[in-house]
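Peer 1: Residue numbers (our numbering): 9 to 410.
For every residue, glycine included, the Cβ atom is placed at its ideal position computed from N, Cα and C.
One structure is given below, represented as structure tokens, and several questions about it will come after.
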Amino acid sequence: MEKVKVLHVITRLDKGGSAENTLLTTIGLDKNKYDVVLIKGISLESEMSAEERASLDEGLKQAEFEDVKLITVPSLIRRMNPILDLRAFFRLYRIFLQEKPAIVHTHTSKAGILGRWASFFARVLIVVHTPHGHIFYGYYGKIKTKLFILVEKLTASLTDKIITLTRKERDEHIQFNISTPDKFVVIHSGVSLEDFSKNLDNADELKKSLGIPITDSIVGTVGRLVEIKGHRYLLDAARLVLNKIANVTFLLIGDGHLMTELISYASALGIKNKVIFAGWKSDIPQLINTFDIFALPSLNEGMGRVLVEAMAMGKPIVASDIGGIPDLVKDGANGILFTPRDVDAMAEAIIKLLLDRELRRKMGNEGKKLAYPAYDASVMVRKIEGLYKDLLKEKRTSTFSS
């Protein structure tokens with residue numbers, strides 16, 4: 009049987025949910041059925057540390073090992089640049105003509121717009137797009153957002169299916185009249201749950217190595233130190249928590265341009281000695297294993313893959329009621345939700361869980377049930393393969409009928 013050629017397109021493969029989702033998809037697609045190509049831009053604006061780059065390089069090596077062909081388009085960058093954008097468009101157009109894919113699957117906004125228009129002019133049979141998040145607020149100003157919505161509506165008309173990671177993301181696209189409901193399909197972003205299901209017993213040793221007292225509870229989070237992730241509000245909540253419970257350490261895993269500013273803010277709040285900024289780490293399962301509570305104070309969030317990782321490890325969640333988070337965190341079941349920026353509510357939720365070990369255990373167990381197996385990467389990939397199969401069948405039936 010002849011293989012189906014699929015080209016995936018993404019602007020940058022920085023460490024993050026969209027990149028990990030795309031890599032897992034290209035690696036996981038059945039190579040007996042699919043000939044897979046991954047087209048990526050470069051990260052001119054990247055804040056990745058050397059360790060993050062090394063981890064990303066490992067992911068790309070694994071992709072190549074799994075017979076994924078890699079093509080780099082230097083002009084394909086995240087920020088708007090008319091000259092580079094035009095150059096990237098024509099480069100993608102030429103690649104599509106040369107590779108002759110049956111399917112082009114674009115990821116994130118910029119690659120989605122350029123890639124889908126290039127697919128249209130190259131007469132690609134099937135075009136699929138995954139936005140990877142709630143993109144209509146929180147990222148751009150009003151004028152840019154309105155322009156983006158208009159362009160997205162036009163581009164959606166060239167798209168066979170749009171994959172959203174959550175029901176909320178789908179509903180948002182429909183609310184903004186991007187397209188009709190039948191254009192969308194919800195496929196949750198998958199995680200390699202095997203990495204987060206191992207029995208780890210080195211929590212005390214890791215706490216010692218981080219300088220955390222063994223008697224301290226840990227409230228932790230994992231994510232880029234950027235405005236949209238809301239770390240400043242977590243620090244405000246930490247101050248309130250520490251006023252009530254002294255033996256707590258707040259552990260923040262991740263790098264970003266706000267690192268210095270957040271360290272200074274923790275110092276100004278008088279909690280610097282109870283907050284650890286660990287930077288980016290590769291041993292995320294081991295670190296989450298030390299957490300008593302996982303906190304996610306995001307101001308916007310597509311899905312929150314890191315929540316799946318924490319849930320898989322049986323950690324109760326305290327998170328913002330925003331974006332796709334409610335799809336994962338069922339308030340009162342596996343965690344507690346609060347209104348974004350509501351520092352008092354966040355602190356209250358953390359204190360409630362810190363004072364109730366049994367509630368933490370129950371919520372952690374419920375989270376495990378929700379994570380397995382629904383959010384495993386293999387489930388995501390099989391659903392995407394099913395979508396490809398259905399679209400190919402529809403197109404071939406339509407072509408034969410006409």
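Taking Lys169 and Val136 to be in contact with their CB atoms under 8 Å, please state how far apart those CB atoms are, rounded to whole angstroms.
Peer 2: For the purposes of this step, residue 169 is taken as residue 161 along the sequence shown, with counting starting at 1. For the purposes of this step, residue 136 is taken as residue 128 along the sequence shown, with counting starting at 1. With 8 Å as the limit, Lys169 and Val136 qualify as a contact, their Cβ atoms being about 5 Å apart.
Peer 1: Would you kindly work out how many angstroms separate the C-alpha atoms of Thr268 and Val199, rounded to a whole number?
Peer 2: Taking the sequence shown and counting its residues from 1, the one referred to as residue 268 is at position 260. Taking the sequence shown and counting its residues from 1, the one referred to as residue 199 is at position 191. C-alpha separation (whole angstroms): 30 Å.
Peer 1: Straight-line CA distance for Arg390 to Ala119?
Peer 2: Within the sequence shown, numbered from 1, the residue matching residue 390 stands at position 382. Within the sequence shown, numbered from 1, the residue matching residue 119 stands at position 111. Arg390 and Ala119: Cα-Cα distance of roughly 23 Å.
Peer 1: Rounding to the nearest angstrom, what Cα-Cα distance links Ala341 and Asp203 in this structure?
Peer 2: The residue given as residue 341 occupies position 333 in the sequence shown. The residue given as residue 203 occupies position 195 in the sequence shown. Answer to the nearest angstrom: the Cα atoms are 24 Å apart.
Peer 1: Can you find the residues in the same chain that come closer than 6 Å, C-beta to C-beta, to Val351, ignoring five residues on each side of it along the sequence?
Peer 2: In the sequence shown, the residue the question calls residue 351 occupies position 343. Counting only Cβ-Cβ distances below 6 Å, and skipping sequence neighbours, we find Tyr241, Asp244, Ala245.
Peer 1: Starting from Phe128, trace the alpha helix (DSSP H) in both directions and tell me its first and last residue.
Peer 2: Along the sequence shown, one-based indexing puts residue 128 at 120. Looking at the DSSP string, the run of the alpha helix (DSSP H) that includes Phe128 is 117-129.
Peer 1: Rounded to the nearest angstrom, how far is the Cβ of Val326 from that of Leu361, given a contact under 8 Å?
Peer 2: Start at 1 with the first residue of the sequence shown, and residue 326 comes out as number 318. Start at 1 with the first residue of the sequence shown, and residue 361 comes out as number 353. About 7 Å; that satisfies the 8 Å criterion.
Peer 1: Hey, how far is the Cα of Leu400 from the Cα of Ile157?
Peer 2: Position 392 of the sequence shown, counted from the start, is the residue given in the question as residue 400. Position 149 of the sequence shown, counted from the start, is the residue given in the question as residue 157. Those two C-alpha atoms are separated by around 28 Å.
Peer 1: Measuring CB to CB, does Met311 end up less than 9 Å from Gly331?
Peer 2: The sequence position of residue 311 within the sequence shown is 303, counting from 1. The sequence position of residue 331 within the sequence shown is 323, counting from 1. A contact, by the Cβ cut-off of 9 Å.
Peer 1: Got a sec: is the Cβ-Cβ distance from Arg313 to anything in chain B below 9 Å?
Peer 2: Any reference to chain B falls outside this structure, which holds one protein chain only.
Peer 1: Whole angstroms is fine: what's the gap from Leu133's alpha carbon to Ile271's?
Peer 2: Numbered from its first residue, the sequence shown carries residue 133 at position 125. Numbered from its first residue, the sequence shown carries residue 271 at position 263. Their Cα atoms are separated by approximately 51 Å.
Peer 1: Can you give me the start and stop residues for the beta strand (DSSP E) that Lys303 sits inside?
Peer 2: Mapped onto the sequence shown, residue 303 falls at position 295. A quick correction: the sequence has Ala, not Lys, at residue 303. Residues 301-304.
Peer 1: Considering only C-alpha positions, which residue in the set Phe258, Lys150, Ile359, Val17 is nearest to Ser127?
Peer 2: Start at 1 with the first residue of the sequence shown, and residue 127 comes out as number 119. When each option's Cα is compared against that of Ser127, the closest is Val17.
Peer 1: On the premise that Glu74 lies in contact with Lys39, defined as a C-beta separation below 8 Å, what is that separation, rounded to the nearest angstrom?
Peer 2: As a first step, residue 39 is located in the sequence shown; it is residue number 31 there, counting from the start. As a first step, residue 74 is located in the sequence shown; it is residue number 66 there, counting from the start. Right, their Cβ atoms sit about 7 Å apart.
Peer 1: Could you tell me which residues DSSP pairs with His113 in its beta bridges?
Peer 2: Position 105 of the sequence shown, counted from the first residue, corresponds to residue 113. Partner(s): His16, Val136.
Peer 1: Can Lys13 and Val45 be called in contact, C-beta distance under 9 Å?
Peer 2: As a first step, residue 13 is located in the sequence shown; it is residue number 5 there, counting from the start. As a first step, residue 45 is located in the sequence shown; it is residue number 37 there, counting from the start. Yes, the pair counts as a contact, with Cβ atoms nearer than the cut-off.
Peer 1: Name the DSSP beta bridge partners of Thr257, please?
Peer 2: Translated into the one-based positions of the sequence shown, residue 257 becomes position 249. Partner(s): Ile226.
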